[in-house]
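Note sheet for the following structure.
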Amino acid sequence: MPSYPRLHCSVALRSTSQRACENSGTPLLSGVGSSPSGESGAGGSGHFDSFQQKSTRTKDRFSFKKSLFIENQTTLEYTFFTMQKDSLVYINNCRVQNLHGTIIKNLSWQMNAGEAWLVIGPNGGGKAAFLSALSGENQIVPNDSTGAYSSKFENSCETVSLERAARLIQEERDLDESEYIGKIDEGRTGRRFICEVLGGPDAKHRSQPLPKIAERLETLPEVKLCGVEKILDRGLKFMSTGEIRRTLLCRALLSKKHLLVLSDPFAGLDAQSRAILLEFFQTIVGKQKNESLTETNIILGMERYHEIPETITNVLEFAGNEVSFCGTHSEYKKIIEKRNEEKAKTRDAEKTEFVNELKDIQNGTKILQSQNEENAGSNKTGEKNEKIALVKMNNVNVGWDGHQVLKNFSWTVLPGEHWLIRGPNGSGKTTLLELITGDNKQVFANDVWLFGRKRGTGETIWDIKKNLGIVSYRWHVEYRMVGSTDLESVIISGFKDSIGLYEQKTDIEISTAAKWLKLAGFEGREHESFNNLSYGEQRAVLILRAVVKSPKILILDEPCHGLDESYRQKILDLLETIAGTGKTTMLHVTHDPTEALPCEKHILELHPGESPMYKIIEK
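For the sequence shown, the numbering used here gives the first residue as 24, with consecutive numbering after it.
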């Protein structure tokens with residue numbers, strides 16, 4: 024049996040000044056999980072000078088009392104308790120906080136052996152903060168003497184999320200040495216990445232040999248369960264979104280952590296990948312319900328009540344940074360049904376109001392768009408004949424190390440056409456879009472035309488960018504690198520085609536940004552930092568940034584990743600309205616058939632390994 028921490032504490036504040044600190048969200052002690060010996064837990068160490076201790080035992084719990092002195096010599100009394108015998112996580116009258124202050128003020132929750140929990144809630148509602156607290160990224164702090172927190176998973180938790188995948192891609196980009204070695208830098212392979220939890224931190228460095236277990240990774244049940252046998256030797260940076268997520272899942276399982284948090288795991292996965300993940304979930308949860316502490320326990324986090332496994336027993340919902348529901352899955356189902364009935368009654372009226380507001384904003388920004396176009400200079404190429412192709416690819420071939428992604432691929436996109444692009448994970452959808460954005464350098468070795476001009480004939484990246492609006496997983500990663508940018512500046516940067524804003528804002532730009540943010544529910548948050556938002560909120564803001572200049576081509580690579588139902592519906596309405604203006608052509612990648620838009624009359628299907636590898640369908 025693993026050794027689990029068994030102590031948690033409650034804090035009795037003994038001064039007015041300390042109560043003021045607590046109310047403001049200022050941490051008094053960072054050592055939330057301190058042991059009776061004074062050793063710090065997950066939160067680090069407080070400054071203890073002396074203490075007194077006495078203990079009292081009961082049938083199910085015992086307590087320790089201490090008088091502790093911190094730097095200002097003010098005394099606090101700590102009481103330590105054991106959890107209930109069947110409790111895996113116990114939280115009573117606590118708050119969740121990060122470096123910026125308190126996020127969730129009042130939190131009480133308990134997870135018992137044999138339970139399978141779903142944590143759900145809208146973007147920015149507190150769900151992400153709670154899950155981060157379970158993994159140790161945020162702190163769980165008792166509010167007063169009645170507060171208590173303990174977890175048998177402390178220091179034994181692994182998270183698989185869109186956020187974690189984004190950080191991994193960013194890390195790989197930071198380590199990319201392509202421009203120094205004169206060839207494409209493959210980076211870490213899936214095999215090496217997984218072996219980091221099997222062979223120690225040295226396995227991360229490509230100069231170090233892989234541990235012996237690397238030779239037989241394919242035989243491990245965890246590898247087979249996650250379906251990554253065939254991509255172990257592929258560079259992480261060349262994996263699709265779904266492949267990266269499955270690789271992260273496999274690594275998390277092999278880490279032997281006792282709590283696995285899966286945040287929005289089905290987003291962006293094709294049907295086969297979803298089936299693999301559902302099978303995995305059912306297998307693990309089946310063991311979890313047998314109350315075996317030696318097995319991995321799962322908590323599932325979702326933005327939307329969508330594809331929820333029937334094996335879920337309990338639901339914890341957050342809204343407005345507080346718990347809005349805590350109960351059984353069957354009870355929550357009834358609540359969702361009622362909510363959906365109520366939403367259906369007001370859906371048409373809300374859509375009409377939203378579309379009208381959007382049109383008003385678009386009309387108000389025409390002057391600003393004209394000014395920016397005038398300042399940047401107009402690209403006359405192709406403007407006289409609106410039927411000149413926006414995108415034209417002739418017999419394109421893209422691949423690396425013997426792996427062919429696109430083969431003999433030809434495709435033409437005309438103005439006013441809206442394309443739905445679909446295919447399994449790893450079929451080449453993202454690669455195809457990166458040929459347009461210029462993120463894939465193999466574009467210069469192929470016959471690719473954009474806006475009536477062949478790539479590699481002297482056009483600048485700015486000539487291309489001013490005609491593109493981009494929403495993608497990898498673009499999201501890029502923007503996180505300048506995450507301190509405020510939301511107002513993020514929106515305005517859409518007019519400048521920059522990541523971040525490096526020019527003085529004008530009054531009209533500020534006014535325009537405020538209108539767009541209000542439209543999406545961010546009114547009054549113009550000066551909030553981009554990185555302070557949840558992943559889903561970030562995605563919503565980046566979509567606004569992409570559409571603000573009415574680009575000729577709007578590239579949408581899984582735009583609804585991480586969005587709750589409300590944001591998702593607003594974004595789909597926004598895209599449909601933009602399509603109706605006739606100014607923007609959309610290229611939309613999604614695996615979710617419910618996100619296909621009525622305006623998308625052209626479908627590009629990719630079929631890897633077949634000849635031909637693609638099919639064009641006209642509705």
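Beta carbons are placed, not taken as given, at the ideal position from N, Cα and C, and that holds for glycine.
Alpha carbon to alpha carbon, what distance is there between residue j and residue i?
i	j	result
I114	M134	9 angstroms
A156	N178	12 angstroms
W132	K528	46 angstroms
E599	E302	35 angstroms
K452	L130	42 angstroms
R591	H550	24 angstroms
F87	N363	Unreliable placement is indicated for F87, whose pLDDT of 31 sits below 50; no coordinate value is reported for it.
S589	P232	49 angstroms
C349	E340	6 angstroms
S521	S201	23 angstroms
P635	Y355	47 angstroms
G632	G291	21 angstroms
S495	T264	10 angstroms
E241	T212	14 angstroms
N337	I143	11 angstroms
V220	L556	30 angstroms
N418	A468	11 angstroms
V471	K477	6 angstroms
G137	P145	27 angstroms
V466	H611	20 angstroms
I207	D256	15 angstroms
P288	K538	33 angstroms
G324	P621	30 angstroms
E641	I626	6 angstroms
K361	H352	15 angstroms
M262	G422	12 angstroms
T613	C583	9 angstroms
W434	L154	43 angstroms
K624	I601	15 angstroms
K663	R327	Only positions 24 to 642 of the chain appear in the structure, and residue 663 is not among them; the question remains open.
E546	D486	33 angstroms
Q561	Y203	33 angstroms
Give a yes or no on whether the C-beta atoms belonging to residue i and residue j are separated by under 7 angstroms.
i	j	result
V214	A237	According to the sequence as given, residue 214 is Arg; it is not Val. Cβ distance < 7 angstroms, so R214 and A237 count as in contact.
C218	P244	no
T454	V428	yes
V570	G492	yes
C249	G170	no
V378	A189	no
P574	N490	yes
S168	V112	no
T607	L577	yes
S184	S286	yes
A543	I514	no
I594	I566	yes
Thinking C-alpha only, which one of the options is nearest residue i?
i	options	result
H329	T182, F341, I359 and P574	I359
F304	I322, A294 and L259	I322
V308	S286, T334 and A290	T334
L629	V346, E623, I127 and K638	K638
L443	K382, E618 and K280	E618
T604	A298, L381 and N344	L381
A151	V436, L300 and N344	N344
N320	V346, T306, H281 and E532	H281
S347	T480, I127 and P447	I127
Note the first and the last residue of the continuous beta strand (DSSP E) segment covering residue i.
i	result
F304	That residue, F304, is in no beta strand (DSSP E); its alpha helix (DSSP H) goes A294 to Q311.
R347	Reading off the sequence shown, one finds Ser at residue 347, where the question assumed Arg. Segment E345 to T351, the beta strand (DSSP E) holding S347.
E181	C180 to V183
Q133	G124 to N135
T334	Careful: T334 lies outside any beta strand (DSSP E) and carries neither H nor E.
P165	Q162 to P165
C117	S110 to N121
T17	Nothing about residue 17 can be reported from this structure: the residues present for the chain run from 24 to 642 only.
G422	V414 to W423
Y637	Y637 to E641
L473	D470 to L473
Between which two residues does the alpha helix (DSSP H) harbouring residue i extend?
i	result
A171	It is not in any alpha helix (DSSP H) - A171 instead sits in the beta strand (DSSP E) that spans A171 to S174.
G492	Here G492 belongs to no alpha helix (DSSP H); instead the beta strand (DSSP E) covers L491 to V494.
V570	Y558 to V570
V513	L510 to K519
L597	E588 to T604
Going by DSSP, what residues sit across from residue i in a beta bridge?
i	result
S286	G324
H611	L443 and L579
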